[in-house]
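Have a look at the structure below, then the notes.
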Amino acid sequence: QFPRQCATVESLRSGMCCPDYFPVFGPGTDRCGVSTGRGRCVQVTVDSRPHGPQYIHDGRDDREQWPIRFFNQTCRCNGNFSGYNCGSCRPGWSGPTCSQQINIVRRNLLDLSAEERRRFVNALHQAKVTIHPDIVIATRRREEIFGPDGNTPQFENISIYNYFVWSHYYSVRKTFLGAGQQSFGGIDFSHEGPAFVTWHRYHLLQLERDMQNMLQDPSFGLPYWNFATGQNTCDICSDDLMGARSNFDVSLISQNSIFSQWRVLCENIEDYETLGTICNSTEGGPIRRNPAGNVARPMVQRLPEPEDVAQCLEVGVFDTPPFYSNSTDSFRNTVEGYSDPSGKYDPAVRSLHNLAHLFLNGTGGQTYLSPNDPIFVLLHTFTDAVFDEWLRRYSADISTYPLENAPIGHNRQYNMVPFWPPVTNDEMFVTAPENLGYSYEVEWPGRALRVTEMITIAIVTALVLVAIIFAAAACIVRVKKNKDELHQPLLTDQYQHYSDDYDGISAPSQSVV
Ligand SMILES: O=C1C=c2cc(C(=O)O)[nH]c2=CC1=O
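Residues 24 to 536 (the UniProt record's numbering) make up the sequence shown, in order.
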């Protein structure tokens, strides 16, 4: 959430988070790389447009008008420079002056070779155990951020992968209303609204970037899981990929997989909600996963069909009022999975992204925990691929992305919680290959025909066939007629009459051909 340099009493009291890039003349002399023209320290811009009616406790949550409760000054970087101190490049650019364009290819996990699979699994594990070099997390609400003695900022180090988990938890946590009061759950900065696709896109970009830096491999790309198989098995749950099922406990991962050793972050949700604390970097129990094993909900025992993706991509409007999980004819609500694949809202339905989560039936199916299961990464890259295809097909038409009255955090210009430096939803509403430096190697399923379309095609085909038959019959009649004429005897009636009259002296006046 915040750069380590800003997790200090001075920084928090001043509200300024503009770390140096290369401070040759001492601390504070190169804020945002100003001396080399990389950027400068500016006032944070926040979205102050009204939000929707779902959130009713304005003034009670640190995430309102993010990130103003913590900092009101940040770096604004020039050109292709980016990052908390303008020391890195915008997505899609690399090199010392950020002038080289790059394209990262995100591939189907099942298309990776044995060696590529091994490298990817190892890279995830390395991210799980490597402390994030730049970022620390707040473990208390703003009210208590200076600690019991008022002088000890409550921040912790966290690993690269656990930061990915924590960011998701922080974006969905309930609003604490005070000891003895129920925390308020009608708030979610990353789901059930238009920011669902933009928030998760940035979330993945950040992990991909952190892993590229960790691996020192700028070409590293996150693969995807095409979960739209229509099957009741998990095709990536093998020991060379995300881990097979344990032989000893149906809801655990096989010990042959490194993921059986992973421990889960943010498990103690009841403590956070009753005590008003925040998840910290302490890990708990193992990942639980029991694909297709939810016997109480047969609807989530099978993955989405390929046809569902094709249908979802036919929904041409990005989002519709009330821009929430009950929106109908909304591409966003369809890919998120609260509507049926054709776009019709149905409270009983779970499809696409939601269905894939619920299918996992364990850690990956609970919103505050789900990224702890590494399948989350792959499930969301595929969801992002669908979003990118939608952007391509409909020329990134942002006209139905609301500027105001979306659920809190989901307005078009809201800074996505809890990312730093501030980044708005609309910055992610762009086609990835041209603007964000990555693309998906994917083939989209064609849409099966609807009954009305099949009937229309049958009628047109029948009419065409009838027309062809008529034309052929007419042709045959004409040919036959011509043939009959050709086979007429050379001596016609006329000739015969003539010859009858012929006296053998005078020449015939006409020849008959
Ligand atoms: O992690 C998630 C788990 C989810 C479960 C549902 C649901 O529809 O019940 N939706 C989810 C989204 C998640 O991100």
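Positions of the beta carbon are idealized from the N, C-alpha and C atoms, including for glycine.
What you are looking at is a predicted structure, and each value in this text was computed from that prediction instead of being measured.
Assuming residue i contacts residue j under a Cβ cut-off of 8 Å, what Cβ separation, rounded to an integer in Å, is found between them?
i           : j      : result
TYR107      : PRO50  : So it is not a contact: roughly 16 Å between Cβ atoms.
GLN334      : ARG163 : About 46 Å; that fails the 8 Å criterion.
ASP420      : ALA455 : Between ALA455 and ASP420 the Cβ distance is about 16 Å, and since that is not below 8 Å, they are no contact.
PRO445      : ASN438 : 4 Å
ILE160      : LEU35  : That pair is no contact at about 14 Å.
ASN185      : SER304 : 6 Å
residue 539 : PRO90  : No statement about residue 539 is possible, as the shown extent of the chain runs from 24 to 536 and does not include it.
ASN349      : TYR368 : 6 Å
ILE127      : GLY244 : 4 Å
PRO425      : PRO217 : 6 Å
ASN103      : SER122 : 7 Å
GLY299      : ALA202 : 7 Å
ASP233      : ILE183 : 5 Å
How long is the line joining the alpha carbons of residue i and residue j, rounded to whole angstroms?
i      : j      : result
SER105 : ILE259 : 35 Å
ASP211 : THR198 : 10 Å
VAL220 : ILE125 : 23 Å
LEU514 : ILE499 : Because LEU514 carries a pLDDT of 45, less than 50, the predicted location of this residue cannot be relied on, and the following value inherits that uncertainty. Taking the straight line joining both Cα atoms gives about 26 Å.
GLU464 : PRO73  : 39 Å
ASP81  : GLU87  : 8 Å
THR256 : LEU383 : 10 Å
GLN204 : GLU466 : 50 Å
ARG63  : GLN96  : 10 Å
GLY366 : ASN434 : 21 Å
VAL400 : VAL67  : 30 Å
ARG129 : ARG165 : 38 Å
ASN291 : TYR391 : 10 Å
SER283 : GLU179 : 25 Å
TRP248 : VAL358 : 15 Å
CYS26  : CYS40  : Before going further, note that residue 26 is Pro rather than Cys in the sequence given. Those two C-alpha atoms are separated by around 8 Å.
CYS98  : GLY110 : 10 Å
THR351 : SER362 : 7 Å
SER277 : GLY266 : 6 Å
VAL453 : TYR461 : 12 Å
ALA408 : ALA497 : 54 Å
PHE346 : PRO246 : 30 Å
SER242 : ALA485 : 54 Å
Is residue i a contact residue of ligand 3, with contact defined as CB to any heavy atom under 8 Å?
i      : result
TYR247 : No copy of ligand 3 appears in this structure; the ligands present are ligand 1.
Mind checking whether the beta-carbon of residue i lies closer than 8 Å to any heavy atom of ligand 1?
i      : result
GLN389 : yes
TYR225 : no
ASN428 : no
HIS380 : yes
ARG373 : yes
HIS376 : yes
TYR361 : yes
HIS433 : no
SER350 : no
HIS155 : no
SER304 : no
HIS80  : no
SER393 : yes
PHE25  : no
PHE405 : no
PHE399 : yes
HIS74  : no
HIS214 : yes
Should residue i be flagged as near chain C, meaning a C-beta pair shorter than 9 Å?
i      : result
SER283 : Here chain C cannot be found, since the structure has a single protein chain.
Buried or exposed: which applies to residue i, given that a residue is buried once 16 or more other Cβ atoms fall within 10 Å of its Cβ?
i      : result
GLY118 : exposed
ALA322 : Checking the sequence shown, residue 322 turns out to be Met, not Ala. With fewer than 16 other Cβ atoms within 10 Å, it is exposed.
ILE301 : buried
GLN24  : buried
ARG320 : exposed
THR406 : buried
SER534 : Residue placement at SER534 is flagged as unreliable, the pLDDT there being 38, under the threshold of 50; the coordinate-derived value follows with that caveat. SER534 should be labelled exposed.
ASP342 : buried
PHE45  : exposed
PHE143 : buried
ALA150 : buried
GLY56  : buried
THR120 : exposed
ALA495 : exposed
PHE250 : buried
GLY385 : buried
ASP134 : exposed
SER522 : Its pLDDT being 41, under 50, SER522 is placed unreliably by the model, and the measurement read from it follows with that caveat. When all chains shown are included, SER522 counts as exposed.
VAL338 : buried
Item to check | Any 3 or more C-beta pairs closer than 8 Å across the stretch 186-205 and the stretch 221-240 | outcome: yes
Checklist entry - At a cut of 8 Å, does the stretch 370-384 reach the stretch 324-340 through at least three beta carbon pairs? => result yes
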